[in-house]
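Written below as structure tokens is the structure these notes are about.
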Amino acid sequence: MTVHADLHTHSTASDGALAPDELAIRAARNGVTHLAITDHDTLAAYAGLAGDTRGRPEIVPGIEFSTTWRKIGVHIVGLNLDPSNTELLAGVEAQGRRRAERAHKIAERLQKCGIRVRFDELAGHREARTIGRPHFAEYLVREGHVRDTASAFRRYLGNGKPGDVRSLWPDPLQAVRWILAAGGIPVLAHPAHYRLTTTRLRELLRDFREHGGLGVEVVSGQQSAATTLKMGRLAVEFGLAGSCGSDFHAPIGPWTEPGRFDALPATVRPVWDLWT
Ligand code: AMP
Ligand code: MN
Ligand code: MN
Ligand code: MN
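Using this note's numbering, the first residue of the sequence shown is number 1, and each one after it goes up by one.
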């Protein structure tokens, strides 16, 4: 069987628009054979999946942890982990507390901009377990403060804006430990998103590798062929396996559809080789 894996997606358990089952069905329709639902700092999607596995891809349990590396927000994906591992669950709980604290700080900052935030209405219709900036963005749109999500990030939540509360996340090493404890594969998410110089990106990859990191997202969403080649070369240079994922959040908006991205370069060892 040919593997068509999408190893980075979001559901309503964090900031995605589709319930875990809806996401799995959509991925299957796009030809995805292996799907990881990697919600921000939560494993709640796995409890939300129906028992009926017919017509859906094979599920690879995963998560996306928020961390800070040299003051930059860096995301670490964990793949093929045991979602019932106690060390991992303790990590998830700690991240949840940090997210709740951060959400209160974001609300305070917005309050100072003259925006009243009613906390219980933040998640809207979702059953989100972790509150992030996208929930604030939607709230700001619903309440008529901004036209759309993009403007919400531009004016209030994006880099350097009042609602951009950082420095609360742990070191990537911490996330790597939680993932390894649960028998999972730590993967550096979307390396091109951090806008690092190649020198700094090499330092990040070296640190990540030294801490026990095993993979890097060589393909993330729709990216240029040049980026895929560059990330492929870096994966080989640092002895990391290559992962691929859409980072799909919602059918509407700028998101890449599940499974709709370029293949991994042939020189890269696919990350699923590490568990199959
Ligand atoms: P947080 O987890 O609270 O740090 O929020 C980060 C999330 O916000 C990302 O995973 C995206 O889903 C979303 N996001 C970041 N920047 C933007 C943007 N400019 N427009 C829409 N969504 C964004
Ligand atoms: Mn997100
Ligand atoms: Mn991310
Ligand atoms: Mn993501």
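Glycine included, C-beta positions come from ideal geometry on N, C-alpha and C.
Restricted to the region 174-239, the alpha helix (DSSP H) segments that are unbroken, complete and at least 4 residues in length are 198-210, 225-237, listed in chain order. Within its own chain, the residues whose Cβ lies closer than 8 Å to the Cβ of GLY232, once the five positions on either side in sequence are excluded, are VAL218, GLY242, LEU264, PRO265, THR267, VAL268, listed in chain order.
In the three-state scheme derived from DSSP, where H, G and I count as helix and E and B as strand, LEU35 is classed as strand. About 5 Å separates the beta carbons of SER11 and ALA45, which is inside the 8 Å limit, making them a contact pair. The beta carbon of HIS40 sits closer than 6 Å to at least one heavy atom of ligand 1.
Annotation note: the region 124-157 contains the following uninterrupted alpha helix (DSSP H) runs of length 4 or greater, listed N- to C-terminal: 133-142, 149-152.
About 6 Å separates the CB atoms of GLY163 and LEU110; that is less than 8 Å, so the two are in contact. Between the C-alpha atoms of THR42 and ARG195 there is a straight-line separation of about 26 Å.
The set of residues with CB atoms less than 6 Å from any heavy atom of ligand 3 reads, in chain order, GLU64, HIS75, ALA189, HIS190. Ranking ILE63, GLY160, THR130 by CA distance to the CA of ALA100 puts THR130 first.
By the Cβ-count criterion, ARG56 is buried, with 16 or more other Cβ atoms from all chains shown falling within 10 Å of its own Cβ.
One alpha carbon belongs to PRO251, the other to LYS112, and they sit about 33 Å apart. Residue range 86-112 is occupied by the alpha helix (DSSP H) that includes VAL92. The DSSP-derived three-state label of PRO61 is coil. Secondary structure at VAL271: helix, using DSSP grouped into helix, strand and coil. Assigned with DSSP and collapsed to three states, GLY48 falls in helix.
SER246 and ILE179 have their C-alpha atoms spaced approximately 21 Å apart. Excluding its 5 nearest sequence neighbours in each direction, HIS4 has C-beta neighbours in its own chain below 8 Å: GLY31, VAL32, THR33, HIS34, GLY259, listed in chain order.
Checking the 6 Å criterion, the Cβ of ASP15 is within range of a heavy atom belonging to ligand 2. The DSSP-derived three-state label of LEU79 is strand. The region 175-193 and the region 130-141 do not touch, with fewer than three beta-carbon pairs separated by less than 8 Å.
With respect to the 7 Å criterion, VAL77 and GLU64 are classified as neighbours on the basis of their beta carbons.
As a beta-bridge residue in DSSP terms, SER243 pairs with GLU217.
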